[in-house]
Amino acid sequence: MTKTELMELIRNGENSFVEFKRDDIDNRALAKELVAFGNGEGGRVLLGVEDDGSISGITKSRRELEEWVMTVCRDKIRPPIIPSYELIRDLESGKHVAVVSVEPVRTIYLVRHNNHDWYYTGSEAKVAI
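Numbering (full-length UniProt numbering), first residue to last: 1 to 129.
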């Protein structure tokens with residue numbers, strides 16, 4: 001993705017295919033967004049972007065951030081999601097944004113939290129039975 005494409009996504013705001021998040025959200029919050037996209041039509045989580053579209057940037061190193069995303073996907077999601085991941089560098093004032101993309105598949109994804117499996121689609125959450 002180019003800087004121009006990313007800035008266009010940000011200008012268009014959050015929708016059913018794009019979610020803005022700081023890079024310091026907790027594991028469950030990230031897992032929830034990725035599962036909702038995986039159980040839906042796919043989508044992108046933009047880490048380092050505030051809800052209002054302002055760019056806060058990434059506070060972790062690229063390696064730390066990538067390891068964190070992959071650990072969440074492996075440990076919190078059943079079956080594990082394998083997202084695509086890219087870092088867009090030097091946006092506003094030298095800040096970076098991570099784009100975590102999930103493609104739609106024919107698998108049902110669940111988030112494991114407090115010994116319960118949670119199913120997410122869009123903004124709806126259900127405990128899986």
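Just so it is clear, CB atoms sit at the ideal spot from N, CA and C, and this is done for glycine as well. Keep in mind that this is a model prediction, so the values were computed, not measured.
Just measuring C-alpha positions, the residue of V111, E33, N115 sitting nearest R74 is V111. Boundaries of the beta strand (DSSP E) harbouring K21: 18-21, taken from the DSSP string. When C-beta atoms of the segment 102-119 are compared with those of the segment 6-22, fewer than three pairs fall below 8 Å, so the two segments do not count as touching. In the DSSP assignment, E67 falls within the alpha helix (DSSP H) that extends over 62-75.
Under the three-state reduction of DSSP output, V35 falls in the helix class. Within the DSSP bridge table, the entry for L110 names R78, Y119 as partners. If the five residues before and after L34 are omitted, its C-beta is found closer than 8 Å to the C-beta atoms of V45, V72, C73, I77, I81, P83, V100, V102, Y109, all from its own chain and listed in chain order. Note that the C-beta distance between G43 and I58 is not below 8 Å. Here L47 is bridged, per DSSP, to K21, A98. In this structure, L65 lies away from K3, with their beta-carbon atoms at least 8 Å apart. Judged by beta-carbon spacing, I10 lies within the 8 Å limit of G53, meaning their Cβ atoms are closer than that value.
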